[in-house]
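In this note's numbering, the protein residues as written are 5 to 311. Below is one structure, written out as C-alpha cells, with a few remarks after it.
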Amino acid sequence: MPQSYAYLRGEIIPLEEAKIGVMTHAFNYGTAVFEGIRGNWNDEHQTTYLFRLREHMERLVQSAKILNMEVRDSVDRLCEVAIELVERSAFTEDVYLRPMVYLSGEVLGVRLHNVETDNLIFLSPFPAYLPEVARCHTSTWRRVQDTGIPPRAKVTGIYVNSALAKTEANLNGFDEAIMLNENGHVSEGSGENIFMVRKGKLITPTPADNVLEGITAASVVQLASDLGIETVEREIDRSELYIADEVFMTGTAAHLTPVVEIDRRTVGNGKPGPITSRLSELFYDCIVGKNEKYAAWCTPARLRVTS
Ligand SMILES: Cc1ncc(COP(=O)(O)O)c(C=O)c1O
5 MPQSYAYLRG EIIPLEEAKI GVMTHAFNYG TAVFEGIRGN WNDEHQTTYL FRLREHMERL
65 VQSAKILNME VRDSVDRLCE VAIELVERSA FTEDVYLRPM VYLSGEVLGV RLHNVETDNL
125 IFLSPFPAYL PEVARCHTST WRRVQDTGIP PRAKVTGIYV NSALAKTEAN LNGFDEAIML
185 NENGHVSEGS GENIFMVRKG KLITPTPADN VLEGITAASV VQLASDLGIE TVEREIDRSE
245 LYIADEVFMT GTAAHLTPVV EIDRRTVGNG KPGPITSRLS ELFYDCIVGK NEKYAAWCTP
305 ARLRVTS
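See below:
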C-alpha cells in the first residue's frame, strides 16, 4: 500500500506525523521558499521519473540565497532524500514533491535574520493540474515585481499574488490567469510560464519581466532548439497574444498546456497548433523516461517490491 512520507528536522517520518507549531515564523510571515517537482510514473518501467530533480534543488538553494536563508542540507543530500521519499512512499501514479526551506523558529518579529531555519520535503499524488487545453483571461492583478518580492525566488508569500489571480480566473469561468507586470507587459500565468508562436518562432517574456525562471520552460526551449525552432525572449503586449498563431503554458504542475482562448478571443483556430503539438509530444515522452536523448533529465525512483 502506498503511504506518504515526509522529511522534517533531518528525519524521514510518516506524513501524518510531520507537524509544525502555530508560532512557526514561516506560517506567520510567509518566510519560506519552495519547489515543486514532478515524479512521472512509467507503468512499463515500474519507475517514477523525477523531472530535473537537481535543477529544482539548485533553484531552491538560489531562492533561499535571495532571502538570505541558510539551507541545512546540500543539494546532493536533498536529491537523495527526494528519491528515498518517492521509493518508500511507493505510489504507482504521478506524484508531486514539495521541498521547502523555511524559517522554523517559533518567534514573533518580521525579519529574515536571527531566526532558525529548517528544510523539509513532502510528497503527494498529483493528478492533472490544468485541463488538456486551457481557456485563459488577463488578470486584473499585476505580477509582483523584483522591487517588492523578487518573483525569481519561489517564495511562499508570493503565492498570495498567484492565488488572487487564479481565483479570479476560476470564479469568472476561466482555467488560468495571465498576469501582466507593472509595465503592462505579459509576465506569466499564476503558476506557469507563457510562450506564443509567431511566424514559426517561440516568443516568451524575459527574466526581467518578473517571471519565475521556469525549469520546464528552459527544457522546452532546449527541445525546440533541437527541433530547429528558435526562441526569442522579449517583451510581449497583451494584444499580441490575441493575434499569436499559437500560445501555450509550461510549468511543473501544468506540464505543457496549449492555450486555446484568451479574453474570449480564439487563439489560432482554437486547437493546439502544429508547433505546440510537436513540442508537447516530445515533452511527454521525455518526462516519463521514454526518450534516451533526454534521459539525464529524469532521475529514476524505483518501486520497491515488498512481499
Ligand atoms: C509563478 C510560476 N511561474 C512559472 C512556473 C513554472 O516553473 P517550473 O517550470 O520551474 O515549474 C511556476 C511553477 O513552478 C510558477 O509557480
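All C-beta atoms in this analysis are idealised placements derived from N, C-alpha and C, irrespective of residue type, glycine included. On a predicted model such as this, the values are computed, not experimentally measured, just so you know.
With DSSP collapsed to three states, give me the class of residue i.
i      : result
MET61  : helix
LYS205 : strand
SER311 : Note that SER311 scores a pLDDT of 48, beneath 50, so its modelled location is shaky and nothing firm can be said.
HIS29  : helix
ILE162 : helix
ALA22  : coil
GLU192 : strand
ARG197 : Residue identity differs from the one stated: residue 197 is Asn in this sequence, not Arg. Reduced to three states, the DSSP call for ASN197 is strand.
THR15  : At residue 15 the sequence reads Glu, which differs from the Thr that was named. Correct three-state label for GLU15: strand.
ASN46  : strand
ALA10  : strand
THR35  : coil
ALA138 : strand
THR303 : strand
THR210 : coil
ALA167 : helix
ALA315 : In the structure as shown, the chain starts at 5 and stops at 311, and residue 315 therefore has no counterpart that could be examined.
ALA157 : coil
Measuring CA to CA, which of the options is closest to residue i?
i      : options                        : result
ILE125 : GLY25, CYS83, SER191, GLU285   : CYS83
HIS189 : LEU71, GLU172, SER143          : SER143
ALA1   : GLU74, PRO129, GLN226          : The chain is shown only over 5 to 311; residue 1 falls outside these bounds and no answer can be derived.
GLU88  : PRO276, VAL251, THR210, LEU54  : LEU54
ILE162 : GLY43, TYR288, GLU39           : GLU39
PRO103 : CYS302, ARG63, VAL224          : ARG63
SER284 : ASP267, ALA228, PRO129         : ALA228
GLU186 : PHE252, ASN32, VAL148          : VAL148
THR246 : GLU265, GLY232, ILE41          : A small fix is needed here, since residue 246 is Tyr in this sequence, not Thr. Comparing Cα-Cα distances from TYR246 to each of GLU265, GLY232, ILE41, the minimum goes to GLU265.
THR280 : THR210, ARG269, ASP249, ARG308 : ASP249
GLU234 : LYS158, PRO131, ILE207, PRO135 : ILE207
PRO211 : GLU192, LYS205, GLY204         : GLU192
PHE314 : ARG42, TYR33, VAL111           : Here the chain covers residues 5 to 311 and nothing more, so residue 314 does not appear.
PHE178 : GLY204, VAL111, LEU216, ARG268 : ARG268
TYR133 : LEU260, ASP150, ARG81, THR96   : LEU260
GLU172 : THR151, ARG146, GLY152         : ARG146
LYS23  : TYR288, GLY232, ALA167, ASP122 : ASP122
ALA28  : PRO155, LEU101, LEU112         : It is worth fixing the name first, because residue 28 is Thr in this sequence and not Ala. For THR28, the nearest C-alpha among the options comes from LEU112.
TYR298 : ARG282, ASP289, LYS158         : ASP289
THR220 : ALA157, THR52, HIS60, ALA30    : HIS60
ARG115 : GLY232, ASP77, LEU57, ASN32    : ASN32
ALA10  : SER93, ALA258, ASN174          : SER93
ALA305 : LYS203, PHE287, GLU91, GLU217  : GLU91
GLY34  : LEU168, LYS158, THR52          : LYS158
ALA167 : ASN176, PRO155, SER194, GLY152 : SER194
THR96  : ASN214, GLU15, PRO6, LEU12     : PRO6
GLN66  : ARG156, LEU286, GLN226, VAL225 : ARG156
LEU12  : ALA86, LYS203, THR52           : ALA86
Legend entry - the segment 41-57 contacting the segment 285-303, beta-carbon criterion three pairs below 8 Å: yes
Legend entry - alpha helix (DSSP H) runs contained entirely in the segment 216-300, provided each spans 4 or more residues: 219-230, 242-246, 278-291
Legend entry - Start-end ranges of the alpha helix (DSSP H) lying completely within the segment 69-134, minimum 4 residues: 79-93
Legend entry - Stretch pair the segment 154-169 + the segment 239-248: three plus CB contacts closer than 8 Å: no
Inset, instruction - Indicate whether the contact test is met: 3 or more Cβ pairs, each with one atom in the segment 174-193 and one in the segment 133-149, closer than 8 Å. - result: yes
Inset, instruction - Could you tell me whether the segment 260-276 touches the segment 15-22, where touching means 3 or more Cβ pairs closer than 8 Å? - result: no
Inset, instruction - Evaluate the contact criterion for the segment 240-257 versus the segment 188-207: three or more CB pairs, one atom per stretch, below 8 Å. - result: yes
Inset, instruction - Kindly confirm or deny that the segment 106-117 and the segment 65-74 touch, where touching means at least three C-beta pairs closer than 8 Å. - result: yes
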